[in-house]
Amino acid sequence: MAFDAEDELTADRSEGPAIRLRNWKQIVEKVDFAFQPIVNPHTGHVFGYEALLRRWEDSGFSSIQSLFDTAWETGNLHGVDMMLREKAIAKFARLPEARRLKLFYNFDSRVVRTRDYQPGRTAELLRNAGLERDTIFLEISERHDISNAQYLQDILLRYRSQGFKVAIDDYGSGFAQLRALYECEPDIIKIDRFFIDGIDRDRRKELFVSQITAFAHMIAAQVVAEGVETREEFLCCRRIGCDLVQGFFIARPSVDLPERTDIVPAISGVSLENRRGVERDGDVLRSYLLETPPIENNINPVEILSYFQKNTDIAIAPVINRQGEPLGVIRDSDFKAFIYTPFGRELLQNPANRTNISRFLRRCPIADINTSLSELLETFVAADSLDGVILTENGLYLGVLDQSALLRAVNERNTLNARDENPLTRLPGNSAIYRYAANALAKPRRRRFAVYFDFDNFKPFNDLYGFRQGDRAILLFKDILGKALSQNDWFVGHIGGDDFFAYVQSIDFEDAVSAVQRAQYMFDEQIKSFYDAKTRDQGYLIGKGRNGETSEFPLMTVSAALVRIPPERTDITLDHISIEAAKLKATAKNSPTRFASGHYDATDAVTSMTPPEVR
948 MAFDAEDELT ADRSEGPAIR LRNWKQIVEK VDFAFQPIVN PHTGHVFGYE ALLRRWEDSG
1008 FSSIQSLFDT AWETGNLHGV DMMLREKAIA KFARLPEARR LKLFYNFDSR VVRTRDYQPG
1068 RTAELLRNAG LERDTIFLEI SERHDISNAQ YLQDILLRYR SQGFKVAIDD YGSGFAQLRA
1128 LYECEPDIIK IDRFFIDGID RDRRKELFVS QITAFAHMIA AQVVAEGVET REEFLCCRRI
1188 GCDLVQGFFI ARPSVDLPER TDIVPAISGV SLENRRGVER DGDVLRSYLL ETPPIENNIN
1248 PVEILSYFQK NTDIAIAPVI NRQGEPLGVI RDSDFKAFIY TPFGRELLQN PANRTNISRF
1308 LRRCPIADIN TSLSELLETF VAADSLDGVI LTENGLYLGV LDQSALLRAV NERNTLNARD
1368 ENPLTRLPGN SAIYRYAANA LAKPRRRRFA VYFDFDNFKP FNDLYGFRQG DRAILLFKDI
1428 LGKALSQNDW FVGHIGGDDF FAYVQSIDFE DAVSAVQRAQ YMFDEQIKSF YDAKTRDQGY
1488 LIGKGRNGET SEFPLMTVSA ALVRIPPERT DITLDHISIE AAKLKATAKN SPTRFASGHY
1548 DATDAVTSMT PPEVR
């Protein structure tokens, strides 16, 4: 007969806690923990690992939840949880550079309601493993009812007072209310997998996650996108501002310890792609970043007064831990208000207070240096009162951006963009296209394609209907490119007039062709409405060509020339591609599909034609 732990442990209720505890020790010995990395989507840098229970079925349980439910029902939840914590912490401590990383441990919130609950046990386990208290993030799942804000707040205060971090897991899956998040201010909010699945194709999911992300940043919390399984989901989560990502696309959970814990190499490569706007924002941010000297959280409070006296122009002092990770800020006004109260100085000089600055510590939004200026600006606008934003690089303190610095940075970014964008379409113009192409082509990629678009019969249309209608046709195509090329994060630029440029990498040739021809088809269909009924019915207009002769001209279409760029070449320039594209455009304009593609030959730059695909 198969062993069923659930039945046996339930039956053990009458035998006393000693027997039941012995059974649980045997169960805990059998289970193991797999670790799954949680990474920075901008760099691929590993922030930490989530400990996921494995081999629970070997002990006869039907699910992980049934294990904890049985422990709760038999009155052993706290003891079982502490044994599991000890096992997870001990294994985590064996990771390379474990002291730099964070451990995410799934915490059953019912533990604090057990009769044998004792605070301080987790701190002891961490200390024995040589780890700091803020190493661990206790994940409270929303799958338990945490909508009671007071109950959740009690849990947060209880663990924060011990120096731990708290994360809300599975957000959006259960009972949690915004009020609970607002009042309790968790350190991290993990978005449930349901909202990440297909987010790149579902506008409602994208809107939900972006709104929660904005709210989280307003209360100084970070957001983890859980269950990221595709490149498109990864890029979408990064674009809308998720601070961290986790899922099969990054790495699957493994019971084997990884050899390196600094970055996930495959994700680091993807993270460097398609960062044209963010790279510029990062450069601007660095130029306006206030390199305010930080205070360590173990400082003697008396020394804080000396800090503000030496730095009279500083209104807030960033606080970091031993690893250099930001914890929050201390306001000059708050600190001095305390000093000037009766006995304020005496209280600070009391030895019992010398290592405790938590009474002055205030939460402050924290963002990676690669966060876009637009996202930072949204955070400022959403908050009624904001000291500033602490900027980090790979999780470590970098500097502070106050409101004045942010506004100056936004103004400079807008000025730079205005110089480089087409005034009609607001797409990147020639100089921006050349700058982007120089950077993209200098890095070898297994698959990369450049596309040139050119309108057919645009001049006769412009002559007959006027420049204003011609501008409308150009804006129509700009919008169509935004829709047709949205799936794979294409770069789209406006060379000028009716000429457009697009570039994409790391997608299949068939997918690139499909996206281009979809844009062509959408334009061919929608441009018909720009003609009068008579011209539309007859399918052509009478006008003068470039040679000045009157002739019949078909309705406007768009031709496309796609150049396949060799993956190993890093010496190819946009000028090289333009020469090959010009040859292809001549072929495309004489093709029934108005499309041609060719491969830039790596030896003599001869373009080899490939048959155009059928729409």
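Taking the numbering used here, the leading residue of the sequence shown gets 948, the next gets one more, and so forth. Where is the CB? At the ideal position from N, CA and C, for every residue including glycine.
Per DSSP, residue 1315 is paired with what?
The residue labelled residue 1315 in the question sits at position 368 within the sequence shown. For residue 1315, which the question treats as bridged, DSSP gives the partners 1339.
How would you label residue 1008, buried or exposed, when you count the other beta carbons within 10 angstroms and need 16 or more for buried?
Here the question's residue 1008 lines up with position 61 in the sequence shown. Buried, since its Cβ has 16 or more Cβ neighbours within 10 Å.
For residue 1412, which residues in the same chain have their Cβ closer than 6 angstroms to its Cβ, ignoring the five residues on either side in sequence?
By 1-based counting over the sequence shown, the position of residue 1412 is 465. Cβ within range, chain order: n/a, list empty.
Using 8 angstroms as the threshold, is the region 1052-1070 in touch with the region 1009-1027, meaning 3 or more CB pairs across them?
yes
Would the beta-carbon of residue 1111 fall within 8 angstroms of that of residue 1342?
If you number the sequence shown from 1, residue 1111 lands on position 164. If you number the sequence shown from 1, residue 1342 lands on position 395. Contact: no.
What is the DSSP secondary structure of residue 1491, reduced to helix, strand or coil?
Along the sequence shown, read from residue 1 onward, the residue named residue 1491 stands at position 544. In this structure, residue 1491 counts as strand in the three-state DSSP scheme.
Could you name the residues of the same chain whose beta carbon sits closer than 8 angstroms to that of residue 1281, not counting the 5 residues immediately before and after it, in chain order?
The count along the sequence shown starts at 1 and reaches residue 1281 at position 334. Cβ within range, chain order: 1307, 1309.
Measuring alpha carbon to alpha carbon, tell me which of 1011, 1003, 999 ends up nearest residue 1035.
In the sequence shown, counting from the first residue as 1, residue 1035 sits at position 88. Residue 1035 has its Cα closest to that of 999, out of 1011, 1003, 999.
Going by the DSSP bridge assignment, what does residue 1506 pair with across the sheet?
For the purposes of this step, residue 1506 is taken as the residue at position 559 of the sequence shown. 1401.
State the Cα-Cα distance for the pair residue 1305 and residue 1428, rounded to the nearest angstrom.
If you number the sequence shown from 1, residue 1305 lands on position 358. If you number the sequence shown from 1, residue 1428 lands on position 481. About 52 angstroms.
If contacts are defined as beta-carbon pairs under 8 angstroms, then residue 997 and residue 985 qualify, I think. What distance do you get, rounded to the angstrom?
Working through the sequence shown from its first residue, we reach residue 997 at position 50. Working through the sequence shown from its first residue, we reach residue 985 at position 38. The pair is a contact, with the Cβ atoms about 6 angstroms apart (cut-off 8 angstroms).
Hey, out of 981, 1423, 1516, 1449, whose CA is closest to residue 1503's CA?
Within the sequence shown, numbered from 1, the residue matching residue 1503 stands at position 556. Checking every option, the nearest Cα to that of residue 1503 belongs to 1423.
The beta strand (DSSP E) enclosing residue 1440, as first and last residue numbers
As a working mapping, residue 1440 is identified with position 493 in the sequence shown. Looking at the DSSP string, the run of the beta strand (DSSP E) that includes residue 1440 is 1438-1443.
Using C-beta distances below 6 angstroms, list every residue in its chain close to residue 950, excluding the 5 sequence neighbours before and after it, in chain order.
Here residue 950 is taken as the residue at index 3 of the sequence shown, counted from 1. Since pLDDT at residue 950 reaches only 41, below the 50 mark, its modelled position is unreliable, and the value read off the structure follows with that caveat. Answer for residue 950: 1007, listed in chain order.
Could you please give the first and the last residue of the uninterrupted alpha helix (DSSP H) stretch that includes residue 1475?
Locating residue 1475 in the sequence shown gives position 528, where the first residue counts as 1. First-last for residue 1475: undefined, no H or E at that position.
Just reading off the beta strand (DSSP E) that residue 1049 is part of, what are its end residues?
On the sequence shown, position 102 is the one that residue 1049 refers to. Segment 1049-1054, the beta strand (DSSP E) holding residue 1049.
Could you check where the alpha helix (DSSP H) with residue 1248 kicks off and where it finishes?
If you number the sequence shown from 1, residue 1248 lands on position 301. Element bounds for residue 1248: 1248-1257.
In the DSSP assignment, the alpha helix (DSSP H) including residue 992 goes from what residue to what residue?
Here residue 992 refers to the residue found at position 45 of the sequence shown. Careful: residue 992 lies outside any alpha helix (DSSP H) and carries neither H nor E.
C-alpha gap between residue 1447 and residue 1507, whole angstroms
For the purposes of this step, residue 1447 is taken as the residue at position 500 of the sequence shown. For the purposes of this step, residue 1507 is taken as the residue at position 560 of the sequence shown. Those two C-alpha atoms are separated by around 9 angstroms.
If we ignore side chains and look at the alpha-carbon of each, how far apart do residue 1518 and residue 1524 end up?
Taking the sequence shown and counting its residues from 1, one reaches residue 1518 at position 571. Taking the sequence shown and counting its residues from 1, one reaches residue 1524 at position 577. Distance between the alpha carbons of residue 1518 and residue 1524: 11 angstroms.
When burial is assigned at 16 or more other CB atoms within 10 Å of the CB, is residue 1612 buried or exposed?
Summary: the structure shown does not reach residue 1612, with the chain confined to residues 948 through 1562, and so no result is reported for it.
Going by DSSP, name the residue or residues bridged to residue 1368.
Taking the first residue of the sequence shown as position 1, residue 1368 is located at position 421. Its beta-bridge partners are 1375.
Taking only three categories from DSSP, how would you classify residue 1558?
In the sequence shown, the residue the question calls residue 1558 occupies position 611. For residue 1558, the predicted model reports a pLDDT of 40, less than 50, meaning its position is unreliable; a value from the coordinates is still stated below. Three-state result, residue 1558: coil.
Where does residue 1108 sit, in a helix, a strand or coil, going by DSSP?
Numbered from its first residue, the sequence shown carries residue 1108 at position 161. Under the three-state reduction of DSSP output, residue 1108 falls in the coil class, being neither helix nor strand.
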